Structures are given as structure tokens and as C-alpha cells.
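Asker: The structure under discussion is supplied below as C-alpha cells; questions concerning it will follow.
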Amino acid sequence: MAAVTPRVFVSHLSGVPVFDPNGDQVGRVRDLVAMLRVGGRPPRILGLVVEVISRRRIFLPMTRVTGVESGQVITTGVVNMRRFEQRPTERLVLGEFLDRRVRLVEGDEEVTVLDVAIQQLPARRDWEIDKYFVRKGRGGALRRKGETLTVEWSAVSGFSLEEHGQGAENLVATFERLRPTDVANALHHLSPKRRVEVAAALDDDRLADVLEELPEDDQVEIIGKLAEERAADVLEAMDPDDAADLLSELPEDDKERLLALMRPDDAADVRRLMSYEERTAGGLMTTEPIVLRPDATVADALARVRQADLSPALAAQVYVCRSPDETPTGKYLGTVHFQRLLRDPPFTLVSSIVDSDLVPLRPDTPLPLVTSYLAAYNMVSAPVVDESGSLLGAVTVDDVLDHLLPDDWRETDLTDLHGEEGVDRGGR
């Protein structure tokens, strides 16, 4: 039997408190941000507008929401305190959907939207509009109120985009169905003006994923056209190694301004990566592998591996280190591979099944030796450890491939691979 996913009417969310994992109140919900989609798909909920204690309104992505329960919203605790600014491709659910006059698809009868229900997709953090609560007739103070009813999202017209539209809003909605690599490929072939327009309309996390797949010239062009605070937000959402590579292509003054606008912890990781030579293990590594302490269990490790935002290469193993477990860590003890986690009982301590035979890489290990290491030991990721034995990060096979392939490898049009037609690239 399929699990029932929660459904919430947005009127019940207005004004409810938002808490971090420790139970401290972050603020209160003031609205929800939605994006219209093409192809008869229901609008997607991007996040919440939260009013924090200082009365500033900020944006909380739904990917940072771990629970929508009775009378409260629970977050991961990671909150960007910059002021919320609505983008052209975004819609406010409470502010723009409620009291809106639309028509029922069947019978073409005019109705007024009184409330909207949202539902979380099974096994994902994504939320989308599920139902509308509407009133028939025109109503009004001098007229008897019409019948109210709850209908499916598909029963109401006016909440979808044209299937073949080529405005920025339509392209962003179309790109939602593509992998970041395919979005990057489509963006690269747009005119410069349209490329910047569409990139600016993407949300921070999506734009970060796409930038990581674009050629350096396109990355620099796009990041340079964004407002500096927005650019800093996007850099924070990128993998630290990719953010470091992008910043290294910018003029020194621009680089320092953006680093100063980033959260201190994120900026520190990026600065550390920029201190290494580009074609070395230190220059290639990410500072965000899965790190566990020796007293963690197999169940703890599998919970970390299951995180949806991890790349397959990073999810293939966990690194066991003494405290602290943020890079640079305490003493590195070894690696536990995903297959080993599947073979042992959930209560097993990771320290008892750790593989300590493989010698980790040093940060100054040159790229050819990193490549040989991964190939010789059939690894998709390798630990990087400093002279004191602390884990600095991990080099993944995808980052190695980026530096082994020809400089123009991203020019390849991957739409030919699966026979799909690309988007209109005329730059209209």
C-alpha cells in the first residue's frame, strides 16, 4: 500500500511559526512561492516567505523544510537571512492565487479561488499544488454566496503556461524536467541575452547545479550579470570546488567582494581550495564528503548516504574520522564503502568495518597520479589527507574527468544522444 503524503491547505500555513531542529523559532510563514509549469502539470511550490524576528522577509526553499505539521514548520536549520525578492517567474500563492477569478475546465463556469491545497510528492521533498477550494458564481456583499467545492488542480484553468511558449518563464518551466547537464547544454546554445535572462530566472539551487555544468566563459558571463548578493547566494549553493574554480576566473576585486558576501564557513572552504594548485588533489577535491565519527552505526551511515542532494560518487563511501567531523577533520581512520554498509547489521559500528589499507592522497598529489589511483583501486572517490592525518576532502571521478577531457567537451550537444528536440535556440 502506497504511503499517504501530507496535504495542507495554505490558509492554515499563514502565520504559523517556523522552527529549526533545536526547537528555536526562526520566524513565521507569510506566503508561499510557486512556479507555473507547462504540459498540464500542477504549479510547483518553490519555498516559503518567512518573516523573521527583525520583520525582514526571507525565502526558505522547500528543500530546507523537513516537516509541515499541525501549527508549525520544521527546517533543516540552514536559513539565508537575505531579504526575499520575488522574481518574474515566481507567483505568491496567498497574495496572487487566493481570491483570483478563474474558470472550471468542465462547463467553463467562473469561480473564485478561496484556498489552495499543496501536497508533498512521495519519497521527495518537492511540493506541488494538489487541489483548489473554490466558490461558484460572482458572489458579492448584496448577492447570496454560491456553492463551494474542492476540485483537482486540473479542473481549473489559468494556472499553467503555454506548451510552446519561449519566454523566460516558459523556458524555466521546460528546463525543470531536464537534468542540470541538459539545461546547461541548452543555455549554452541560447543567445547571450536570453542565456542571462533564463539563468537569472532559475532559483539559486537550480542555477548552482547548472553553472557547475557550463563552460567557464558562460559561468563568468552569468555570475557577472547577477546582483552581487544573488551571485554570493548561488556560489554558496555550488559545490565548494566548483565555486572555487569559478571565482578563480574572476578579477581579484570581484572575487574578494563575492567572498566577503558569502557566509563565513562557505567562504573559508572556498578560500582553502583556492590555495591549492588547480591540477592537484587539493585543487580537485570537494570539502563536503560524508564524514562520520567512529561511534556512528551502519544505520547512521546509510541515512547519510540516502540524502537526495548527494552525487553518486560522494554517496559511494563514508569516511571515518575522529572529532571534529567537519573538514579539516580530526584524525582520518579509514573508509567504509557502500557495499560493505549493505552487508552488515544496522547496529554495527563503522569503526569496526573500516578499510584502512588504502593510503589516502596528499593535497599536492598531481592529477596523473590521482587518475592512476582511482583506476588502480576501482574507486569513484578518494580521501585527501594532510600531513597531520586530518581529512581535508575527497576527489571524485567526475571532477577528474572534467580535467582530463578536452577543453571544449561541454560544447557537445547531448540532445542528439537520446533523440529529443532541443528548445528554440533562436534567442527570441
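In our numbering, the protein residues as written are 31 to 458.
Quick reminder that beta carbons are idealized off the backbone N, C-alpha and C, glycines included.
The structure displayed is predicted, hence computed values, not measured ones.
#1: Would you report the Cα separation of Val68 and Asp330, rounded to the nearest angstrom?
#2: Cα-Cα, which of Trp183, Ser187, Arg236 is closest to Arg207?
#3: What number of angstroms, rounded off, separates the C-alpha of Val226 from the C-alpha of Leu379?
#4: Is DSSP giving Gly97 helix, strand or coil here?
#5: With a CB to CB cut of under 6 Å and the five nearest residues on each side skipped, what residues in its chain are close to Thr178?
#6: I want to see whether chain C comes within less than 8 Å of Arg323, judged by CB atoms only; does it?
#7: What separation, rounded to the nearest whole angstrom, lies between the Cα atoms of Val181 and Phe163?
#8: By the three-class DSSP mapping on this structure, what secondary structure does Leu289 have?
#9: Buried or exposed: where does Thr106 fall if 16 or more other Cβ atoms within 10 Å of its Cβ makes it buried?
#10: Closer than 8 Å by C-beta to Leu344: which residues in its own chain qualify, once you throw out the five before and the five after it? Chain order, please.
#11: Comparing the CB of Ala257 with every heavy atom of the ligand ZN, is any distance shorter than 7 Å?
#12: In whole angstroms, give me the CA-to-CA distance for Gly456 and Glu282.
#13: Going by beta-carbon coordinates alone, are Leu122 and Asp160 separated by less than 8 Å?
#14: I'd like to know whether the C-beta atoms of Asp156 and Met111 end up nearer to each other than 8 Å.
#15: According to DSSP, Arg67 sits in a beta bridge with which residue or residues?
#16: Using the DSSP secondary-structure output, state which residues sit across from Lys166 in a beta bridge.
#17: Within 10 angstroms of the Cβ of Leu66, are there 16 or more other Cβ atoms? Answer buried if so, exposed if not.
#18: Which same chain residues end up closer than 6 Å to Lys255 when comparing Cβ atoms and leaving out the 5 residues on each side of it in sequence?
#19: Does the beta-carbon distance from Ile148 to Glu158 come in below 8 Å?
#20: Quick check: Ala267 and Asp234, are their CB atoms within less than 8 Å of each other?
Answerer: Based on what the coordinates show:
#1: As a working note, residue 68 is residue 38 in the sequence shown. As a working note, residue 330 is residue 300 in the sequence shown. Going by the C-alpha atoms only, they are around 40 Å apart.
#2: Residue mapping note: residue 207 aligns to position 177 of the sequence shown, counting from 1. Checking every option, the nearest Cα to that of Arg207 belongs to Arg236.
#3: Within the sequence shown, the letter at position 196 stands for residue 226. Within the sequence shown, the letter at position 349 stands for residue 379. Straight-line Cα distance between these residues: approximately 49 Å.
#4: Here residue 97 is taken as the residue at index 67 of the sequence shown, counted from 1. Strand at Gly97.
#5: Residue numbering aside, residue 178 sits at position 148 when the sequence shown is read from its first letter. So the qualifying residues of the chain are Arg165.
#6: No chain C is present in this structure, which holds just one protein chain.
#7: In the sequence shown, counting from the first residue as 1, residue 181 sits at position 151. In the sequence shown, counting from the first residue as 1, residue 163 sits at position 133. Each residue's Cα considered, the two are about 6 Å apart.
#8: Within the sequence shown, numbered from 1, the residue matching residue 289 stands at position 259. In this structure, Leu289 counts as helix in the three-state DSSP scheme.
#9: Your numbering for residue 106 matches position 76 in the sequence shown. With fewer than 16 other Cβ atoms within 10 Å, it is exposed.
#10: The residue labelled residue 344 in the question sits at position 314 within the sequence shown. Thr316, Glu318, Pro319, Ile320, Ser411, Ala424, Thr426.
#11: Only the bare structure without any ligand can be found here, which leaves the ligand ZN out of the picture.
#12: Along the sequence shown, one-based indexing puts residue 456 at 426. Along the sequence shown, one-based indexing puts residue 282 at 252. In this prediction, Gly456 has a pLDDT of 37, which is less than 50 and means its spatial position is unreliable; what the coordinates show is noted afterwards. Rounded to whole angstroms, Gly456 to Glu282 spans 35 Å at the Cα level.
#13: Residue 122 sits at position 92 when you count from the first residue of the sequence shown. Residue 160 sits at position 130 when you count from the first residue of the sequence shown. No, the pair does not count as a contact, with Cβ atoms beyond the cut-off.
#14: As a first step, residue 156 must be located in the sequence shown, where it is residue number 126. As a first step, residue 111 must be located in the sequence shown, where it is residue number 81. Contact: no.
#15: If you number the sequence shown from 1, residue 67 lands on position 37. In the DSSP output, where bridge partners are listed per residue, Arg67 has Ser190.
#16: Counting from one through the sequence shown, the residue named residue 166 turns up at place 136. DSSP, once it has assigned bridges, lists Val141 as partnering Lys166.
#17: The count along the sequence shown starts at 1 and reaches residue 66 at position 36. By the 10 Å Cβ count, Leu66 comes out buried.
#18: Residue 255 sits at position 225 when you count from the first residue of the sequence shown. Closer than 6 Å at Cβ, skipping near neighbours: Val226.
#19: On the sequence shown, position 118 is the one that residue 148 refers to. On the sequence shown, position 128 is the one that residue 158 refers to. Cβ distance < 8 Å, so Ile148 and Glu158 count as in contact.
#20: Taking the first residue of the sequence shown as 1, we reach residue 267 at position 237. Taking the first residue of the sequence shown as 1, we reach residue 234 at position 204. Yes. Within cutoff.
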